[in-house]
Amino acid sequence: EADIYQTPRYLVIGTGKKITLECSQTMGHDKMYWYQQDPGMELHLIHYSYGVNSTEKGDLSSESTVSRIRTEHFPLTLESARPSHTSQYLCASSGVTGGRNEQFFGPGTRLTVL
Amino acid sequence: GDSVTQMEGPVTLSEEAFLTINCTYTATGYPSLFWYVQYPGEGLQLLLKATKADDKGSNKGFEATYRKETTSFHLEKGSVQVSDSAVYFCALGGDYKLSFGAGTTVTVRA
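Set out below in structure tokens:
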């Protein structure tokens with residue numbers, strides 16, 4: 061079944077740890093995105109990718125980094141987690157079908173840094 | 413640049429009430445317009461969409477019409493249920509990304 065997956069769903073970790081949030085899609089999409097969602101529910105684009113070996117920073121500056129070595133996989137890494145990184149992180153993908161830039165979202169990872 | 417202005421919440425209403433959430437946009441070209449819904453603890457789901465002017469998107473009793481003359485895409489439902497309690501996002505599909513509104517939290521009481 062075509063879908064988009066994120067793991068873990070919840071993560072509680074201490075300050076200074078390195079973490080990687082996983083995102084995979086089986087939709088055959090070329091574009092992928094990472095959003096940070098604040099407690100007020102507003103969404104902020106932090107990274108996007110048009111395809112393999114393509115990554116760009118989004119509208120909101122983020123200390124995280126991303127990579128796109130395989131089409132279906134778009135992991136996000138924080139080298140040294142801090143309490144200010146506590147947030148909900150949403151991954152999305154889009155392809156050539158549907159409306160212009162119609163995106164499909166994963167279930168999200170809720171990160172808490174103590 | 414592209415932007416979306418969405419009615420602020422929160423909105424609280426009783427079951428079977430009429431719901432409307434206003435959304436207006438600014439864009440160059442001919443964007444697609446979307447409404448996404450986010451239930452508690454979940455990611456966003458596409459609720460409905462419209463890809464050109466005068467298109468009406470509909471799903472699960474919700475409707476929205478792409479109005480180019482008023483640059484609007486208001487969401488409506490005639491009779492809400494408790495299960496419609498969620499956060500609703502209006503979005504505009506531009507050249508390379510979606511531009512989202514700030515989200516409107518809707519709570520429906522039994």
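From first to last, the protein sequence lines stand for chains A and B. Under the working numbering, the first residue of the first sequence is numbered 61, with each subsequent residue one higher. Under the working numbering, the first residue of the second sequence is numbered 413, with each subsequent residue one higher. From the three backbone atoms N, C-alpha and C, an ideal C-beta is built for every residue, glycine too.
- Task: Enumerate, from N- to C-terminal direction, the unbroken beta strand (DSSP E) stretches of 3 or more residues contained entirely within the stretch 61-103 of chain A.
- Result: 64-67, 70-73, 79-85, 91-97, all fully within the stretch 61-103 of chain A.
- Task: Taking B/GLN418 and B/CYS435 to be in contact with their CB atoms under 8 Å, please state how far apart those CB atoms are, rounded to whole angstroms.
- Result: Within the second sequence, numbered from 1, the residue matching residue 418 of chain B stands at position 6. Within the second sequence, numbered from 1, the residue matching residue 435 of chain B stands at position 23. That pair is a contact at about 5 Å.
- Task: Note down, in chain order, each residue of its chain lying with its Cβ closer than 7 Å to the Cβ of B/SER497, except the 5 sequence neighbours on either side.
- Result: On the second sequence, position 85 is the one that residue 497 of chain B refers to. So the qualifying residues of the chain are VAL518, THR519, VAL520.
- Find the residues of chain B that neighbour A/LEU150, judging by a C-beta separation of less than 8 Å, and give them in chain order. Reading the first sequence from its first residue, position 90 is the one you call residue 150 of chain A. Within 8 Å Cβ-Cβ: GLY455, LEU456.
- Task: Give a yes or no on whether 7 Å exceeds the smallest Cβ distance from A/MET101 to chain B.
- Result: Taking the first residue of the first sequence as 1, we reach residue 101 of chain A at position 41. True, the Cβ-Cβ gap to chain B drops below 7 Å.
- Message: For B/HIS486 and A/LYS78, I'd like the C-alpha separation in whole angstroms.
- Response: In the second sequence, the residue the question calls residue 486 of chain B occupies position 74. In the first sequence, the residue the question calls residue 78 of chain A occupies position 18. Spanning the two alpha carbons is a distance of roughly 43 Å.
- Item | As assigned by DSSP and simplified to three states, the class of B/VAL494 | Translated into positions along the second sequence, residue 494 of chain B becomes position 82. Correct three-state label for B/VAL494: helix.
- Message: Which residues does DSSP list as the beta-bridge partners of B/ALA503?
- Response: Position 91 of the second sequence, counted from the start, is the residue given in the question as residue 503 of chain B. DSSP, once it has assigned bridges, lists B/PHE446, B/PHE512 as partnering B/ALA503.
- Pairing CB atoms from the stretch 131-150 of chain A with CB atoms from the stretch 472-485 of chain B, are three or more of them under 8 Å? no
- Report the neighbours of B/VAL499 on chain A: residues whose CB is nearer than 9 Å to its CB, in chain order. Along the second sequence, one-based indexing puts residue 499 of chain B at 87. Residues of chain A passing the Cβ test: MET101.
- Sequence-distant residues of its chain with Cβ nearer than 8 Å to B/VAL492 (five each side left out): In the second sequence, counting from the first residue as 1, residue 492 of chain B sits at position 80. Correct list, in chain order: LEU425, GLU427, GLU428, ALA429, PHE430, LEU431, VAL518, VAL520.
- Query: Quick one, which of B/GLY421, B/PHE512, B/PHE446 has its alpha-carbon nearest B/LEU458's?
  - Reply: Mapped onto the second sequence, residue 458 of chain B falls at position 46. Considering only alpha carbons, the answer is B/PHE446.
- Task: Can you pull the chain B residues whose beta carbon is under 8 Å from the beta carbon of A/TYR108, in chain order?
- Result: Residue mapping note: residue 108 of chain A aligns to position 48 of the first sequence, counting from 1. Contacts between A/TYR108 and chain B, judged by CB atoms closer than 8 Å, involve TYR508, LYS509 in chain order.
- Message: Counting only Cβ pairs nearer than 9 Å, list the residues of chain D close to B/LYS468.
- Response: Absent here is chain D; the protein component of the structure consists of chains A and B.
- Query: If the cut is a Cβ gap below 8 Å, which residues of chain A does B/THR517 touch?
  - Reply: Translated into positions along the second sequence, residue 517 of chain B becomes position 105. Here the neighbours are MET101.
- What is the DSSP secondary structure of A/MET122, counted as helix, strand or coil? Locating residue 122 of chain A in the first sequence gives position 62, counting from the first residue. Position check: residue 122 of chain A holds Ser in this sequence, whereas Met was assumed. The answer is coil: DSSP assigns A/SER122 none of H, G, I, E or B.
- Query: Excluding sequence positions up to five away, which residues of its chain have a Cβ less than 7 Å from the Cβ of B/ASN471?
  - Reply: Counted from its first residue, the second sequence places residue 471 of chain B at position 59. The answer, listed in chain order, is LEU459, LEU460.
- Query: Mind listing which residues of the stretch 62-79 of chain A have their C-beta closer than 7 Å to chain B's C-betas, in chain order?
  - Reply: Taking 7 Å as the Cβ-Cβ cut-off against chain B, none of the residues of the stretch 62-79 of chain A qualify.
- Message: By the three-class DSSP mapping on this structure, what secondary structure does B/HIS486 have?
- Response: In the second sequence, counting from the first residue as 1, residue 486 of chain B sits at position 74. In this structure, DSSP gives B/HIS486 a state outside helix and strand, which the three-state scheme calls coil.
- Query: Rounded to the nearest angstrom, how far is the Cβ of A/LEU81 from that of A/LEU105, given a contact under 8 Å?
  - Reply: Here residue 81 of chain A refers to the residue found at position 21 of the first sequence. Here residue 105 of chain A refers to the residue found at position 45 of the first sequence. About 15 Å separates the two Cβ atoms, so there is no contact after all.
- Message: Can you tell me whether A/SER140 is helix, strand or coil according to DSSP?
- Response: Reading the first sequence from its first residue, position 80 is the one you call residue 140 of chain A. A/SER140: coil per DSSP, three-state reduction.
- Message: Buried or exposed, going by whether 16 or more other CB atoms sit within 10 Å of the CB of B/THR516?
- Response: By 1-based counting over the second sequence, the position of residue 516 of chain B is 104. Counting Cβ neighbours within 10 Å, B/THR516 comes out buried, since at least 16 surround it.
- Query: If you drop the 5 nearest sequence neighbours on each side, which residues of the same chain put their C-beta closer than 7 Å to that of A/GLN97?
  - Reply: Working through the first sequence from its first residue, we reach residue 97 of chain A at position 37. The answer, listed in chain order, is LEU103, SER147, GLN148, LEU150.
- Message: For a quick check, are the C-beta atoms of A/GLN66 and A/PRO143 less than 7 Å apart?
- Response: In the first sequence, residue 66 of chain A corresponds to position 6, counting from 1. In the first sequence, residue 143 of chain A corresponds to position 83, counting from 1. No, the pair does not count as a contact, with Cβ atoms beyond the cut-off.
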